[in-house]
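Mapping the sequence shown onto the numbering used here, position 119 (from 1) lands on 116, and the numbers just tick up by one. Only one structure is covered here, and it is reproduced in the block below.
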Amino acid sequence: MISIHQKNQYFIIRLKSNIKYTIIESIELKNQKHRIDIASNPEIFLYEAKLIRLNANPELPLLKYVKFRYNKPTNGRFETIELISNLPLDFLDIIEYSAQRWRATETEFNILQHGFGLEKVFVKDPRKVWPLFLLTLICKSLFE
């Protein structure tokens, strides 16, 4: 993250459980309900919004932290997500940009999956996706 910031670029990442931070300011939300302006128009519930400083990288400026819940359209289950970002935007915009990026990645993955006939391969771990596609590309190249 520090190298991204040093290049005057922006990021949005999901907060991992091992990332420790100090709360600088909390913003009261009280479970605000919103709709995100993406194709599926999901409803989200904002839980928390904060300005934080990462303990491991105190030289970074204050970061925005947002915790929200949404209903997954595929299985109807609720998922809670925590994001941190250095974008100079409000919390809803950060959530929306993150959702648009994730939607684009998911769409790309689905196109690749169907293009290589891997519809019946169910991979849950993202670290296994690219090795699977590389193996598929190598096999396809060998057969051609």
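In this text, a Cβ means the ideal position worked out from N, Cα and C, and glycines have one as well.
- Approximately 6 angstroms separates the beta-carbon atoms of SER82 and LEU60; this is inside 8 angstroms, confirming the contact.
- As a beta-bridge residue in DSSP terms, VAL63 pairs with ALA46 and LEU80.
- In the displayed model, TYR18 falls within a strand according to three-state DSSP.
- ILE10: member of the beta strand (DSSP E) spanning 9 to 11, first to last residue.
- Under a 10 Å Cβ-count criterion, LEU132 is classified as exposed, with fewer than 16 other Cβ atoms of the shown protein chains found around its own Cβ.
- The beta-carbon distance between GLU40 and ASN68, rounded to whole angstroms, is 6 angstroms. This is short enough to meet the 8 angstroms contact definition.
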